[in-house]
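K.L.:
Residue numbers (our numbering): 752 to 974.
(1) With a cut-off of 8 Å, do at least 3 Cβ pairs link the segment 931-941 to the segment 956-970?
(2) Restricting to Cα atoms, I'd like to know which of 940, 834, 952, 916 is closest to residue 969.
(3) Please classify residue 861 as buried or exposed, where buried requires at least 16 other C-beta atoms within 10 Å of its C-beta.
(4) What does residue 794 pair with, by DSSP beta-bridge criteria?
(5) According to the neighbour-count rule (16 or more other Cβ atoms, all chains shown, within 10 Å of its Cβ), is residue 892 buried or exposed?
(6) Taking the alpha carbon of residue 757 as the reference point, which residue from 946, 833, 926 has its own alpha carbon closest?
(7) Counting only runs that start and end within the segment 796-874, where is the beta strand (DSSP E) found for 3 or more residues in a row?
(8) Quick check: is any heavy atom of the ligand NAD less than 7 Å from the C-beta of residue 970?
(9) Considering residue 785, what are the terminal residues of the alpha helix (DSSP H) in which it resides?
(10) If distances are taken between C-alpha atoms only, which option among 954, 858, 801 comes closest to residue 918?
(11) Among 791, 761, 943, which has the Cα closest to the Cα of residue 889?
(12) Just tell me which of 842, 811, 857, 793 has its CA closest to the CA of residue 827.
(13) What is the C-beta distance between residue 930 and residue 879, in whole angstroms, given that I count them as a contact (C-beta under 8 Å)?
(14) On the three-state DSSP scale, how would you describe residue 962?
(15) Anyone know if the C-beta pair for residue 753 and residue 788 falls short of 8 Å?
(16) Given residue 776, which residues of its chain have a CB within under 6 Å of its CB, disregarding the five upstream and five downstream residues?
(17) Buried or exposed: residue 867, going by 16 or more other Cβ atoms within 10 Å of its Cβ?
(18) When you compare only the Cα positions, how much space is there between residue 887 and residue 825?
(19) Can you tell which of 870, 865, 925 has its C-alpha closest to the C-alpha of residue 885?
(20) Go through its chain and collect everything with a Cβ distance to residue 864's Cβ below 8 Å, but skip five positions before and after it.
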């Protein structure tokens, strides 16, 4: 009988909009077990990690418990997606050496393929990071700043909405790649602030501000 220990991870500041919430991860894991796992199988335990924005993904106590149990019981560690385990290729490689690992969304991938995928994903994130820095610098040079309106006429709300829409479109080329790369709203806000950019109302970006910006652009957060 194939035995599994499952591991799920979410970030609290992105649970609402992320396609990798607990329910989505559990659905992918269940699909793997039903269609791709050796039969019969047993899930001996499941661990869930909740990472806050301040943790920046470095505190993974539940993951270590899951790995230890899988090793002890000679079970397979099962995650929904590889980035739920880690985004660091060296970290992923160390886990692969310690325990048998399966990824639900890549049911046929062996250890070598998982390692290769992790390396390629890391390269892509580094490329996106460099491209984003260039886009931020260009946006700053163009003066993408847009302060708040002081007009008190009856058309103020309409003008504010138009301003916010226009501001969002100017930042789409910067924000969209970050969302696709799995940056949290807190991390995106930090990148925009470091570049000296301001919101449509002339304020520093906060996690909630970025969340509204993402919704305005109709982007789908994936990580």
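Ideal Cβ positions, reconstructed from N, Cα and C, are used throughout, including at glycine.
Bear in mind that the values here come from a model prediction, so they are computed numbers and not experimental data.
P.N.:
Taking the structure as given:
(1) yes
(2) On the chain shown, position 218 is the one that residue 969 refers to. Nearest option by C-alpha distance: 916.
(3) Mapped onto the chain shown, residue 861 falls at position 110. It is exposed - the Cβ of residue 861 has fewer than 16 other Cβ atoms within 10 Å.
(4) Position 43 of the chain shown, counted from the start, is the residue given in the question as residue 794. According to DSSP, which records beta bridges pairwise, residue 794 is partnered with 755.
(5) Position 141 of the chain shown, counted from the first residue, corresponds to residue 892. Residue 892 should be labelled exposed.
(6) Residue numbering aside, residue 757 sits at position 6 when the chain shown is read from its first letter. The candidate whose alpha carbon is nearest that of residue 757 is 833.
(7) 827-830, 851-854
(8) The ligand NAD is not among the ligands present in this structure, which contains no ligands whatsoever.
(9) If you number the chain shown from 1, residue 785 lands on position 34. Taken as a continuous stretch (DSSP letters only), the alpha helix (DSSP H) holding residue 785 covers 773-786.
(10) By one-based count along the chain shown, residue 918 stands at place 167. Ranking the options by Cα distance to residue 918, first place goes to 954.
(11) Start at 1 with the first residue of the chain shown, and residue 889 comes out as number 138. Among 791, 761, 943, the Cα nearest to that of residue 889 belongs to 943.
(12) Residue mapping note: residue 827 aligns to position 76 of the chain shown, counting from 1. Ranking 842, 811, 857, 793 by Cα distance to residue 827 puts 793 first.
(13) In the chain shown, the residue the question calls residue 930 occupies position 179. In the chain shown, the residue the question calls residue 879 occupies position 128. With 8 Å as the limit, residue 930 and residue 879 do not qualify as a contact, their Cβ atoms being about 10 Å apart.
(14) Here residue 962 corresponds to residue number 211 of the chain shown, with the count starting at 1. DSSP places residue 962 in helix when its eight states are reduced to three.
(15) Taking the first residue of the chain shown as 1, we reach residue 753 at position 2. Taking the first residue of the chain shown as 1, we reach residue 788 at position 37. Yes, Cβ-Cβ distance for residue 753 and residue 788 is below 8 Å.
(16) Against the chain shown, residue 776 aligns to sequence position 25. The residues are 759, 831.
(17) Along the chain shown, one-based indexing puts residue 867 at 116. Residue 867 comes out exposed.
(18) Taking the first residue of the chain shown as 1, we reach residue 887 at position 136. Taking the first residue of the chain shown as 1, we reach residue 825 at position 74. Each residue's Cα considered, the two are about 48 Å apart.
(19) Taking the first residue of the chain shown as 1, we reach residue 885 at position 134. Comparing Cα positions, the closest option is 925.
(20) Locating residue 864 in the chain shown gives position 113, where the first residue counts as 1. Closer than 8 Å at Cβ, skipping near neighbours: 857.
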